[in-house]
Amino acid sequence: MCRLSFAFFPPNQRAAGSDLTISISPLGLVELSDEEFEVHGPRLNRYATNFAFFLGHHWAYRREAGEPQITLNYVATFSRYITNFCFSKGVKFAVPKRYEHIVPALLKRVWEVDNDKQSLLNSIGEQGGVTGDSFVKIAYEPQWVDTAGGIHPGRVRVLPLNSAHCFPEYHPHDRDRLIRFKLKYKFWTTGADGARTVMTYTEVITDTEIEEYLNDELIDARPNPLGMIPVAHIRNISVSGSPWGLSDIGDIISINRELNEKMTDVSDIINYHASPTTIIQGAKATNLERGPRKIWGGLPEKAKVYNLENGVDLNGPMGYIQTLKLAMHEITGVPESALGQMQPISNTSGVALSIQWYPLINKNALKQLNYGVGIKRINELVLRTLFCHEPQTLLYDPYTDGIKTEDAQPDIIDPNDPDVYNVDCVWPSPLPVDNLVKLNEIQAKLAIGLESKRNALVELGEEFPDERLEEMFSEQRRDVVEQGALELIKATISSAILQMTGIATEESGKPAPSSGGNPDQSGSPAGNAQTGVLPGATGIDLGVDTKSLINQFVTMAYGTKLPQSRNSEDASNQETR
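Counted from 1, the sequence shown has number 1264 at position 150 by our numbering; the numbering is strictly sequential.
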């Protein structure tokens, strides 16, 4: 049975094609010059093919009504799984020690306050996994006031772009040096007469200036305040000698197409024999009524009536389909068990799990290599944009920034220092980690002195270990002060009991005789025990810190106001009403 596969043509040949008017992408709707099409045409055609299959458009025609047309979208399933495997745990940033008190807080603000970090990583990874290239633009949004009067502070935007809208121009002898970037796409707008029209927006960015066009008409031109193009290009999987990357799904598109066709063939066979054809030999079917519980009689002696049975062995087609599915798993590196295949539950160790998932771990390491470089470039553009539009972020703020752990750490950042932008990406393991095993390992290292508390926190995934150590110290100090306040209360109560009854409690010990008393009198300690003020106690200067600590004891023990309490009787009366 012959099937018509999905044939894609260059964007300029199918600009008005129905497949583009659905939701694939507006690739062919953007007019390209001959020079642009010669450079970017094959890339855009590849993007269109990948996105079509990713969105489930696997067929170029529709069958008749009632005829099955099976579409198993393994392309999207594998792509989403790889993206989730690589980016679901997020990424952390390692900053040079000299700027650890300022830069991490700035990056945290941009990624998690100004933007949604996890959503950004997913968008960047999905765009790269489908097309092979991911473009990210950094822009600053000034403070603005909405119609309700709400004030929205300025923020740095991290904007993942549609790769089909991006037309970068690299140095002819340096594939990593971007000298010109064009962003071009079409959008719908409503005119003054209420009619819906399509317009083309174009933005051309160089190191020195930025130009914006609307339908090829210049609407704005301004100098580039950064002095560099605020766009980062991330190659999903690098190709030696090429400025473009490879997608995760390019090699399985043809296999997925073949799988759909063979599944449709099997479905046709099953449907054909599910409603079998009745064959009548030696008689006429004029008065024979088909249906359940029908009895045919009066047929000639040599007449035969039977149904056409299914004589097709489906083991061969089903085995071929299983081979195609297994091939897609092997090519993408995704284990069969990852997509819900039933397997026995076991406490497999992390090493054994890594060996089982090694193909996907290997692909993850390859992607992290490229995305790590790209995100490092994004962080540099983020910091430069922040320093340009908010110069106060160059100053150290102890209330919003981190903790200074060394005197050599500056109070003001030098934006020309390359170490400021030397931010490395730290990727956590994508495999599940047994926290109990990890804690036991760290505890053993701490016991023999092979690990510091700070590195232990880093091992456990703490992004700001210095702040956590300071928090732990403050908590321990507060516990000690509270314990001291309790001891002060106990000592005061014991002293009061001793003065009223003359009976010493366990906390106060035996009472000392009054000054000038006879040691031989009843109730006095035996021997020549010293009484009165302890030697050297008179005239001791406790110091400011000690006096402050004593004040804390007294304040915490006795408080500065009456404690608040709830009247239980009133509360119970209200409950019964």
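We treat Cβ as the ideally placed atom computed from N, Cα and C, and that holds for glycine.
In this text, all values refer to a predicted model and were calculated from it rather than measured experimentally.
Cβ neighbours of residue i in the same chain (closer than 7 Å, five flanking residues each side left out)
| i | result |
| --- | --- |
| ILE1527 | TYR1213, ILE1216, LEU1508 and VAL1534 |
| ILE1384 | none |
| ASN1374 | HIS1172, ILE1184, THR1185 and LEU1186 |
| LEU1495 | ILE1252, PRO1344 and ALA1346 |
| GLU1372 | LEU1438 |
| PRO1357 | TYR1284 and ARG1289 |
| ARG1157 | TRP1358 |
| GLN1666 | VAL1595 |
Residue i burial status per 10 Å Cβ neighbour count (16 or more: buried)
| i | result |
| --- | --- |
| VAL1189 | buried |
| VAL1594 | exposed |
| ILE1247 | Note that residue 1247 is Asp in the sequence shown, not Ile. Buried. |
| TRP1258 | exposed |
| GLY1563 | exposed |
| THR1499 | buried |
| LEU1332 | exposed |
| GLU1412 | Looking at the sequence shown, residue 1412 is not Glu but Gly. GLY1412 should be labelled exposed. |
Whole-angstrom distance between residue j and residue i, CA atom to CA atom
| i | j | result |
| --- | --- | --- |
| ILE1611 | SER1662 | 28 Å |
| SER1277 | ASP1260 | 31 Å |
| ILE1363 | PRO1344 | 29 Å |
| THR1514 | PHE1207 | 18 Å |
| LEU1545 | ALA1466 | 11 Å |
| ARG1407 | PRO1473 | 58 Å |
| THR1378 | GLU1576 | 51 Å |
| ASN1198 | GLY1242 | 13 Å |
| SER1451 | ASN1236 | 23 Å |
| VAL1419 | ILE1393 | 6 Å |
| ARG1289 | GLU1565 | 43 Å |
| GLY1598 | LEU1234 | 49 Å |
| PHE1201 | ARG1349 | 15 Å |
| VAL1416 | LEU1428 | It is worth fixing the name first, because residue 1416 is Lys in this sequence and not Val. The straight-line gap from Cα to Cα measures roughly 34 Å. |
| SER1354 | ARG1310 | 45 Å |
| PRO1274 | ARG1336 | 23 Å |
| LYS1376 | ILE1475 | 31 Å |
| THR1615 | LEU1602 | 20 Å |
Residues that DSSP places opposite residue i in a beta bridge
| i | result |
| --- | --- |
| TRP1302 | VAL1312 |
| CYS1539 | PHE1207 |
| LYS1559 | Bridge partners of LYS1559: none, in fact. |
| GLY1359 | SER1352 |
| VAL1726 | The chain is shown only over 1115 to 1691; residue 1726 falls outside these bounds and no answer can be derived. |
| LEU1297 | CYS1280 and GLU1317 |
| GLN1395 | LYS1418 |
| HIS1347 | PHE1249 |
| TYR1327 | THR1316 and LEU1332 |
| TYR1254 | VAL1270 |
Same chain, Cβ closer than 8 Å to residue i, neighbours up to 5 away in sequence not counted
| i | result |
| --- | --- |
| ARG1177 | GLN1183 |
| ASN1370 | PHE1167, HIS1172, LEU1186, ASN1187, TYR1188, VAL1189 and MET1442 |
Residue i - DSSP class collapsed to helix/strand/coil
| i | result |
| --- | --- |
| TYR1213 | helix |
| ILE1611 | helix |
| ASP1533 | helix |
| ALA1339 | The amino acid at residue 1339 is misidentified as Ala; the sequence shows Pro. Note: PRO1339 maps to coil in three-state DSSP. |
| VAL1448 | coil |
| ILE1475 | helix |
| GLN1241 | helix |
| VAL1647 | Only weak support is given to the placement of VAL1647: the predicted model assigns it a pLDDT of 46, under 50, and the question is left unresolved by the model. |
| PHE1249 | strand |
| VAL1699 | Lying before the first or after the last residue shown, residue 1699 is absent from the chain, which here runs from 1115 to 1691. |
| VAL1272 | strand |
| TRP1410 | coil |
| PRO1282 | strand |
| ARG1160 | helix |
| LEU1220 | helix |
| ARG1289 | strand |
| TYR1485 | helix |
| ILE1367 | helix |
| LEU1373 | helix |
| HIS1171 | coil |
| PRO1579 | helix |
| GLY1631 | The pLDDT assigned to GLY1631 is 46, lower than 50, so where the model puts this residue is not dependable; a value taken from the coordinates is nonetheless given after this. Residue state, collapsed to three classes: coil. |
| ILE1527 | coil |
| LEU1509 | strand |
Same chain, Cβ closer than 6 Å to residue i, five either side skipped, listed in chain order
| i | result |
| --- | --- |
| TRP1225 | LYS1231 |
| TRP1541 | VAL1205 and GLN1482 |
| THR1320 | ARG1294 |
| ILE1136 | Annotation note: pLDDT 34 at ILE1136 (below 50); position unreliable, no value reported. |
| THR1316 | LYS1298 and TYR1327 |
| GLU1240 | THR1197 |
| PRO1210 | ASP1533 and ASN1536 |
Contact with chain B by residue i, beta-carbon distance below 9 Å
| i | result |
| --- | --- |
| GLY1430 | Annotation note: the requested chain B is absent from the structure, which comprises a single protein chain. |
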